[in-house]
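A.B. asks: Going down the list, the sequences are from chains L and P. FYI, in this note's numbering the residues of the first sequence are 1 to 148. FYI, in this note's numbering the residues of the second sequence are 149 to 296. First the structure, then my questions, so here it is.
Protein chains: 2
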Amino acid sequence: MTDRHDLAAMLHPLVQSLIAAERPVLAAHGISMWAYAVLTALEDNAVRTQAALAEAIGADKTRIISTLDRLQDARLITRDPDPRDRRARVLTITAQGSEVCRSARADIQANEDRLLARLPASERESFLRAVRTLSQLTREEVVSGTEA
Amino acid sequence: MTDRHDLAAMLHPLVQSLIAAERPVLAAHGISMWAYAVLTALEDNAVRTQAALAEAIGADKTRIISTLDRLQDARLITRDPDPRDRRARVLTITAQGSEVCRSARADIQANEDRLLARLPASERESFLRAVRTLSQLTREEVVSGTEA
DNA sequence: TATTGTTATACTCTATAACTATA
DNA sequence: TATAGTTATAGAGTATAACAATA
């Protein structure tokens, strides 16, 4: 095994910096970090309950409520009672919400591309492929073997 | 530009999982996450002030104090007044501290290696090289261009 | 007076528990 | 009674400000 720092020790500061870089971009688009996470999650497909959405973005169901309130007020999402179970709220992104999400992501990725440009092209491609692979691991898969 | 999620969106959950995986390992070695960060920082070279150490590991100088207290009690570090400036405390890792740090890292990296084994060998090498490169960026370098 | 380390306080973020409404 | 959503409360983690010792 090659001598190196822990992955977490190397990646954590990088991720913190990337998040710091997202902050002003999202502010310019008028949304918070959690709002961006919600819009991104709804972009692919609508969600049938708020609890499912919270689960999907790794949040507690109670802490996304004010975010949903603001997104609804800003007409970036709709939040309607499910006719088949009026306890649940069906969450859908609006056209305006999609546009905000898409343009925010373009700005964010422009900055990320600037950083990735420091890597040789083939290394960059391998890196992105590896990140995709590793990010699809579940927490259980990552943690298993350390708790025995 | 290829269609992808944000780097932060992919890396953040991965890092959180890696940290979750470190927790039981560090607990088995009797140290906290911050203690591990301190020991790692002191492994290479002693530090002349607590403020410099805090800066190095991205912490506030006030929030590492209880960590230093515990490390000192456990004889994993020494914390002596600098004879040339008795306000400052020179921090040094002990042989016992080095041993704890080294064995904890071995366990942590054994788990990380298990995950990295999912990547093809050449991709794994490129990934690690890219992580090293990107993790050496300062926060300013990462953020610059997003605040204009 | 400025700086190092420390302590005490306040603030932010998050999780827990209690409540309303539907089922 | 059980579940979705909401609100209120409490807790953890962190930063801010005030303090003591030394320069």
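The beta carbon of each residue, even a glycine, is placed where N, CA and C say it ideally should be. As the structure is a computational prediction, the values presented were derived from the model and not from experiment.
With a cut-off of 9 angstroms, does the C-beta of Asp255(P) fall near any C-beta of chain L?
C.D. replies: yes
A.B. asks: Consider the Cβ of Ala117(L): report whether some Cβ of chain P lies at a distance smaller than 9 angstroms.
C.D. replies: no
A.B. asks: Taking the alpha-carbon positions, what's the Ala95(L) to Arg89(L) distance?
C.D. replies: Between Ala95(L) and Arg89(L), the C-alpha separation is close to 19 angstroms.
A.B. asks: Using the DSSP secondary-structure output, state which residues sit across from Thr226(P) in a beta bridge.
C.D. replies: Thr240(P)
A.B. asks: On the DSSP letters alone, give me the boundaries of the alpha helix (DSSP H) that Gln72(L) sits inside.
C.D. replies: 65-73
A.B. asks: Does Asp85(L) come out as helix, strand or coil in the three-state DSSP assignment?
C.D. replies: Per DSSP, reduced to three states, the secondary structure at Asp85(L) is strand.
A.B. asks: Comparing the C-beta of Leu39(L) with each C-beta of chain P, is any distance below 9 angstroms?
C.D. replies: no
A.B. asks: For Leu116(L), which residues in the same chain have their Cβ closer than 7 angstroms to its Cβ, ignoring the five residues on either side in sequence?
C.D. replies: Arg124
A.B. asks: Using CA atoms only, rank isn't needed, just tell me which of Val279(P), Gly245(P), Leu166(P) is closest to Gln220(P).
C.D. replies: Each of Val279(P), Gly245(P), Leu166(P) was checked against the Cα of Gln220(P), and the nearest Cα belongs to Gly245(P).
A.B. asks: At the 9 angstroms Cβ level, is Asp69(L) part of the contact set with chain P, yes or no?
C.D. replies: Output row for Asp69(L): interface = no.
A.B. asks: Please name the residue, chosen from Ala200(P), Arg196(P), Thr286(P), Met181(P), that lies closest to Asp233(P) on a Cα-to-Cα basis.
C.D. replies: Arg196(P)
A.B. asks: So, are the CB atoms of Thr67(L) and Val38(L) less than 9 angstroms apart?
C.D. replies: yes
A.B. asks: Arg132(L) lies in the alpha helix (DSSP H); which residues open and close that run?
C.D. replies: 121-135
A.B. asks: Name the DSSP bridge partner or partners of Val195(P)?
C.D. replies: Paired residues: Leu239(P).
A.B. asks: Leaving out the 5 sequence neighbours to the left and right, which residues in its chain are closer than 8 angstroms to Arg171(P) when beta-carbon positions are compared?
C.D. replies: Met181
A.B. asks: Quick one: residues in its chain with C-beta nearer than 8 angstroms to the C-beta of Leu119(L), no 5 flanking neighbours on either side, listed in chain order?
C.D. replies: Phe127
A.B. asks: Here's the rule: buried if 16 or more other CB atoms are within 10 angstroms of the residue's CB, otherwise exposed. What is Pro13(L)?
C.D. replies: By the Cβ-count criterion, Pro13(L) is buried, with 16 or more other Cβ atoms from all chains shown falling within 10 Å of its own Cβ.
A.B. asks: Quick check: the Cα distance between Asp151(P) and Leu282(P), rounded to an integer number of angstroms?
C.D. replies: 21 angstroms
A.B. asks: Using the three-state DSSP reduction, which class does Ser246(P) fall into: helix, strand or coil?
C.D. replies: Three-state result, Ser246(P): helix.
A.B. asks: Taking a Cβ distance cut-off of 9 angstroms, strictly less, list which residues of the region 122-134 of chain L are near chain P, in chain order.
C.D. replies: Against chain P - using a Cβ distance shorter than 9 angstroms - the residues of the region 122-134 of chain L are Ser122, Glu123, Arg124, Glu125, Ser126, Phe127, Leu128, Arg129, Ala130, Val131, Arg132, Thr133, Leu134.
A.B. asks: Against Asn111(L), what residues of chain P qualify as contacts under a CB-to-CB distance less than 7 angstroms, listed in chain order?
C.D. replies: Gly293, Thr294
A.B. asks: Which residue's Cα is closest to the Cα of Leu7(L): Ala204(P), Thr240(P), Glu288(P), Val279(P)?
C.D. replies: The shortest C-alpha separation from Leu7(L) is found at Val279(P).
A.B. asks: Taking the CB atoms as reference points, tell me whether Ile64(L) and Leu76(L) lie closer together than 9 angstroms.
C.D. replies: No. Outside cutoff.
A.B. asks: Tell me the rounded alpha-carbon separation between Leu159(P) and Thr146(L).
C.D. replies: 20 angstroms
A.B. asks: Against Ile19(L), what residues of chain P qualify as contacts under a CB-to-CB distance less than 8 angstroms, listed in chain order?
C.D. replies: Ala156, His160
A.B. asks: Within its chain, find whatever has a CB closer than 6 angstroms to the CB of Ala169(P); leave out the 5 residues flanking it on each side and keep chain order.
C.D. replies: Asn259
A.B. asks: Alpha carbon to alpha carbon, how far is Gln164(P) from Met149(P)? Give it in angstroms, no decimals.
C.D. replies: With a pLDDT of 48 at Met149(P), under the threshold of 50, the modelled position of that residue is not reliable, and the figure given next carries that caveat. One Cα belongs to Met149(P), the other to Gln164(P), and the distance between them is close to 27 angstroms.
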